[in-house]
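Reviewing the structure listed below.
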DNA sequence: TTAACAATTGAGATTCAGTCTCAATCTCAA
DNA sequence: TTGAGATTGAGACTGAATCTCAATTGTTAA
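Chains as they are written, first to last, in our numbering: chain A, 582 to 723; chain B, 582 to 723.
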């Protein structure tokens with residue numbers, strides 16, 4: 582957590598951007614929630630706490646967080662994006678239930694091997710990945 | 582290709598849905614393009630060929646194609662979705678260049694192993710997957 | 001300290017992919 | 001031939017995300 586927060590502050594510094602009041606509010610909120618969240622949820626939980634930050638600033642700051650590498654943007658096949666703060670887990674994916682929407686995280690070091698293989702084979706410098714398996718969870722499969 | 586087209590027709594039959602003129606037009610167009618495409622592109626290439634099908638029908642038919650399992654919907658981190666017709670390749674992912682947007686496909690049977698491992702571990706019935714590596718291609722990396 | 005400039009913000013307008021509505025049309029089994 | 005249900009197109013609508021722009025807040029150089 583601390584590292585990630587610091588990472589963001591360092592990113593701002595390196596780009597001569599300010600660590601403004603609003604950016605601090607958003608950063609704290611992001612790292613106080615666990616797991617995944619949506620931009621609109623973040624906006625409304627700030628509203629509930631009377632911490633007024635505009636929608637534009639929320640989206641702008643989320644972009645910065647993604648660029649700084651402390652948050653990642655994921656897509657679960659819905660219209661809008663989800664975010665999650667990056668943990669220590671590096672080889673991380675999701676199982677998404679097509680019926681009830683449940684999301685299970687997993688970690689599997691095979692992802693790292695795959696990443697290295699394909700990076701080498703295609704002469705690609707891989708920065709991040711996204712891996713989702715869609716199907717039916719134990720409750721929803723018949 | 583043929584198999585996939587047939588698969589769609591069988592899906593329609595199994596749901597007592599018609600293989601209408603419009604659905605045929607869209608099906609043919611989808612399988613005449615290679616690789617990835619976007620819904621709006623499809624719409625406009627049909628317009629150019631004077632084959633008028635409404636936007637609603639294009640989206641509706643793409644949904645059916647996805648449900649039938651002959652086309653898959655992918656997300657490359659942009660606001661809108663991309664589609665691709667499903668090939669024989671089962672263990673298939675993408676490398677997406679963050680600078681020039683180039684997309685390289687790859688196939689790697691490690692994906693199958695990963696899928697089986699996680700399906701078993703989490704008691705999940707996996708229907709499909711999506712794997713994207715984001716980074717810089719050989720041209721764009723310094 | 002001040003002047004000049006850049007970064008930051010909020011409110012609301014705007015965009016754009018995708019969905020919905022609904023009347024008109026088509027299909028096909030009885 | 002009838003009617004129930006499937007299908008369609010046009011355009012209204014939705015909702016996430018972006019853009020605009022004037023006001024405000026740093027920051028830097030002199």
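Just so it is clear, CB atoms sit at the ideal spot from N, CA and C, and this is done for glycine as well. Keep in mind it's a predicted model, so treat the numbers as computed, not measured.
For this session: Using a Cβ cut-off of 9 Å, pull out every chain A residue sitting near residue 676 of chain B, in sequence order please.
Result: Against chain A, the beta carbon of residue 676 of chain B has neighbours under 9 Å at 699, 700, 703, 705, 707, listed in chain order.
Exercise. Can you find a C-beta in chain B that's less than 8 Å from the C-beta of residue 640 of chain A?
Worked result: No, residue 640 of chain A lies away from the interface with chain B (no Cβ there is under 8 Å from its Cβ).
Problem set entry | With 16 other Cβ atoms within 10 Å as the buried cut-off, status of residue 699 of chain A | Around the beta carbon of residue 699 of chain A, 16 or more other beta carbons sit within 10 angstroms, so the residue counts as buried.
Exercise. Under 8 Å between the Cβ atoms of residue 689 of chain A and residue 672 of chain A?
Worked result: Cβ distance < 8 Å, so residue 689 of chain A and residue 672 of chain A count as in contact.
Exercise. Counting contacts by CB-CB distance shorter than 8 Å, is residue 712 of chain B in contact with chain A?
Worked result: It does: the Cβ of residue 712 of chain B has a partner Cβ on chain A nearer than 8 Å.
For this session: Using the Cα positions of residue 596 of chain B and residue 650 of chain A, report the straight-line distance between them to the nearest angstrom.
Result: So the alpha carbons of these two residues sit roughly 46 Å apart.
Exercise. Counting pairs of Cβ atoms below 8 Å between the region 605 to 616 of chain B and the region 704 to 713 of chain A, do you hit three or more?
Worked result: No, because fewer than three Cβ pairs between the region 605 to 616 of chain B and the region 704 to 713 of chain A fall closer than 8 Å, the two stretches do not touch.
Problem set entry | Whole beta strand (DSSP E) elements within the region 634 to 709 of chain A, 3-residue minimum | Residue ranges of uninterrupted beta strand (DSSP E) with 3 or more members, entirely inside the region 634 to 709 of chain A and ordered along the chain, are 652 to 655, 663 to 666, 673 to 678, 684 to 688.
Exercise. Would the beta-carbon of residue 589 of chain A fall within 8 Å of that of residue 646 of chain A?
Worked result: Cβ atoms of residue 589 of chain A and residue 646 of chain A: closer than 8 Å.
Problem set entry | For residue 625 of chain B, the first and last residue of its enclosing alpha helix (DSSP H) | Here the alpha helix (DSSP H) through residue 625 of chain B covers 620 to 629.
For this session: Figure out for me which residue from A:637, A:594, A:643, A:636 has the closest Cα to the Cα of residue 609 of chain A.
Result: Measuring from the Cα of residue 609 of chain A, the nearest candidate turns out to be A:643.
For this session: Decide if residue 661 of chain B is buried, meaning its Cβ has at least 16 other Cβ atoms within 10 Å, or exposed.
Result: Exposed.
Exercise. With a Cβ-Cβ cutoff of 8 Å, do residue 612 of chain A and residue 666 of chain A count as a contact?
Worked result: Yes, Cβ-Cβ distance for residue 612 of chain A and residue 666 of chain A is below 8 Å.
Exercise. What is the rounded straight-line gap between the Cα of residue 714 of chain A and the Cα of residue 637 of chain B?
Worked result: Their backbone Cα atoms lie some 28 Å apart in a straight line.
Exercise. Are there 16 or more other CB atoms within 10 angstroms of the CB of residue 598 of chain A, so buried, or fewer, so exposed?
Worked result: With fewer than 16 other Cβ atoms from the protein chains shown falling within 10 Å of its own Cβ, residue 598 of chain A counts as exposed.
For this session: Report the three-state DSSP secondary structure of residue 600 of chain B (helix, strand or coil).
Result: Looking at residue 600 of chain B - three-state DSSP - the assignment turns out to be coil, as it is neither helix nor strand.
Exercise. Exposed or buried, which one is residue 716 of chain A when buried takes at least 16 other CB atoms within 10 Å?
Worked result: Counting Cβ neighbours within 10 Å, residue 716 of chain A comes out buried, since at least 16 surround it.
For this session: Compare the C-alpha of residue 658 of chain A against each of A:601, A:722, A:712 and name the closest.
Result: Comparing Cα-Cα distances from residue 658 of chain A to each of A:601, A:722, A:712, the minimum goes to A:712.
Problem set entry | Of the listed residues B:631, B:676, B:614, nearest to residue 656 of chain B (C-alpha basis) | Checked all of B:631, B:676, B:614; the closest Cα to residue 656 of chain B is B:676.
Problem set entry | Cβ of residue 649 of chain B within 8 Å of any chain A Cβ | With 8 Å as the cut-off, residue 649 of chain B does not count as an interface residue toward chain A.
For this session: Determine the direct distance from the alpha carbon of residue 718 of chain B to that of residue 681 of chain B, and round the result to whole angstroms.
Result: C-alpha separation (whole angstroms): 8 Å.
Exercise. Hey, how far is the Cα of residue 631 of chain B from the Cα of residue 623 of chain B?
Worked result: Distance between the alpha carbons of residue 631 of chain B and residue 623 of chain B: 12 Å.
Problem set entry | Beta-carbon neighbours of residue 687 of chain A, restricted to chain B and to distances below 8 Å | Listed along the chain, the chain B residues whose CB falls inside 8 Å of the CB of residue 687 of chain A are 699, 702, 703.
Exercise. Grouping DSSP H, G and I as helix and E and B as strand, with all else coil, what is residue 595 of chain B?
Worked result: DSSP places residue 595 of chain B in helix when its eight states are reduced to three.
Problem set entry | Neighbour list for residue 722 of chain B in chain A, Cβ cutoff strictly below 7 Å | Chain A residues near residue 722 of chain B: 706.
For this session: Give a yes or no on whether 8 Å exceeds the smallest Cβ distance from residue 692 of chain A to chain B.
Result: Closer than 8 Å: yes.
For this session: Could you confirm whether any beta carbon from chain A is found closer than 8 Å to the beta carbon of residue 643 of chain B?
Result: The C-beta of residue 643 of chain B comes no closer than 8 Å to any C-beta of chain A.
For this session: Pull up the DSSP beta-bridge partners for residue 712 of chain A, would you.
Result: B:712.
Problem set entry | residue 701 of chain B versus residue 691 of chain A: straight-line alpha-carbon distance, rounded | C-alpha separation (whole angstroms): 15 Å.
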